Amino acid sequence: MKRVVLLIACVCALTLPVALCGCGGDKAEKSSQIVVGIAQDLEDSLDPHKAVAAGTKEVLFNVYEGLLKPDSRGNLIPAVAESYEVSDDGMAYTFHLRNGVTFHNGNKVTAEDVKYSLLKIAGKTGDTPMIPAYALIDEVTVEDAQTVCISLSEADVDFPAYLAMVNAAIIPADNTTPDTVPIGTGPFCLTSRTVQDNILLTRYEDYWGTKAYLSQVKFRIVPEIDTVVMNLRGGSLDMYAHLTTDQVAQLGNDFQILEGTMNLVQALYLNNAVKPLDDVRVRQALCYAVDRKNILELTSEGKGTIIGSSMFPAFSKYYMPELSRYYTRDIPKAKELLKQAGYPDGFSLTITVPSNYQPHINTAQVIVEQLKDIGVNADIKLVEWNTWLSDTYMGRNYESTVIGVDASYLTGRALLERFYSKADDNFTNFSDPAYDALYEKVITLTDEDEKTDCYKAMEEILTKDAANVYIQDMAEFVALRNNYEGYEFYPLYVLDMSKIKPVQAE
């Protein structure tokens, strides 16, 4: 017997065909645009199956959809599919496609497009799977025009969550240039792009669901962090996310400040493969030297949540608050560990930080001062975002870095799989046989309680082995000009522009 999962959502009637991505809408509807500042351009790829950077995916969330997608409360809701069924052994997922879904080029989404997209993310068409779970896709079968069956090589109860990621978007099988010509099914289509300047999204009038309120969204790249407040106050930006408390304090009454959490793990990430960080005692010494409460006080007026491993509080089932107390600042203990490791006088350390993220720069600056107390002379190396992405993240050519790692999809495994020694995205080069064994076990489990126990055991290893110096789940501040409303925080790193609308004059 199959388990049937019905996906329910409010869907408006499809509009009559209009010019592709036209912004006119109904004749009585007033055209509206918002200008949103972002820290970096979409450097990696416009192909959702290749997008790596969180900043890229937070924009592409508006353009692409998978069979499923997340809502702002963390639920999986329908997108290209309207329902699905799971076989009793968890090895087969049968998706029933929604009628009337079209791509931004006006073509109807077909079962063959879905099959092509799924095989592409699985690595069956030549590309390496972005996410290890996609490699579980063994076969994709088109049963009829509206039905697609996915056969897995191994059961994975988290599989639907992976299909709600931007990386699992459904794209046209006949689009031969997805890296530069994005064609999705989302509420907005990408209509123009000026590299290192702006990205223009236009409301898709034939969107299958509730149309976006705004006719256009212009994402303006503002890499100079010192100019963000000036641009907001000067009127060239209407919205900016990921602000610091200092920036918020400089804004006047023209803006509403929305506060949430970023749902990410900010840490001093350590390259476990380079000396002296390949010694667990050195990494533990760094953990004892850092005062995370002081970091929060100096960088965000005490706002944020101190964490002790690669899990943040939104994943309440897996989150272990006790790990945030595993290391408390203890300078004598840190010095003794360094002495045992052969560094009684300390050592030098380079902290690479992307120059367009002020919160991470602020954190790194405090860490530099704190590490002086144990003889570690740290210096900050500021690099452009694309350099950080290519050299630090992908090339693993660094000693340490301050950055925030998000979950990308709605399962605790999202944060933990990158520390599997064989994972392509294990940019810290962490390697522990016990951790690997737990990971290889957890991906085969179907019992949720057993999975939770495994995840917690993995978190404990990351903490005790001092894989990184874990700091916080950062507070999130969003400035939105007062003549707009409707912004919603997500448990993922996205900017959903389809919910934002102009405030109606009374």
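The sequence shown begins at 1 in our numbering and counts up one residue at a time. Just so it is clear, CB atoms sit at the ideal spot from N, CA and C, and this is done for glycine as well. Quick caveat: nothing in here was measured; it's all calculated off a predicted structure.
Residue pairing of Thr-350 in beta bridges, as defined by DSSP: Asp-379.
Counting other Cβ atoms within 10 Å of its Cβ, Asp-406 reaches 16 or more and is therefore classed as buried. With distances taken between CA atoms, Phe-477 lies nearest to Leu-495 out of Leu-495, Thr-352 and Ile-171. Judged by DSSP in its simplified three-state form, Tyr-470 adopts strand. Look at Val-248 here: in three-state DSSP terms it is helix. Close CB contacts of Thr-363 within its chain, under the 7 Å cut and outside five residues either way in sequence, are with Gln-266, Ile-295, Thr-299, Val-402 and Ile-471 (chain order).
Counting along the chain, Tyr-269 sits inside the beta strand (DSSP E) bounded by residues 264-270. A straight line joining the alpha-carbon of Ile-150 with that of Thr-176 spans about 24 Å. The beta carbon of Asn-272 sits closer than 8 Å to the beta carbons of Asp-278, Arg-283, Thr-428, Asn-429, Phe-430, Ser-431 and Ala-467 from its chain, once the five residues preceding and following it are set aside; these are given in chain order. Within a 10 Å sphere around the beta-carbon of Met-497 sit 16 or more other beta-carbons, which makes this residue buried.
DSSP places Ala-81 in the strand class (E or B) of the three-state scheme.
Pairing Glu-488 with Asp-238, the inter-Cα distance amounts to about 16 Å. Annotation: the stretch 102-158 contains the following complete segments of the alpha helix (DSSP H) (minimum length 4 residues), in chain order: 111-121. Per DSSP, Ser-324 lies in no alpha helix (DSSP H) segment and is marked neither H nor E. With fewer than 16 neighbouring CB atoms inside 10 Å of its own CB, Thr-180 falls in the exposed class.
Note on geometry: alpha-carbon atoms of Met-320 and Met-311 lie some 8 Å from one another. Note that the C-beta distance between Thr-352 and Val-383 is below 7 Å.
The secondary-structure analysis by DSSP pairs Thr-387 with nothing; it has no beta-bridge partner. In this structure, the alpha-carbon of Leu-270 lies about 38 Å from that of Phe-255.
According to the DSSP assignment, Tyr-288 belongs to the alpha helix (DSSP H) that extends over 280-289.
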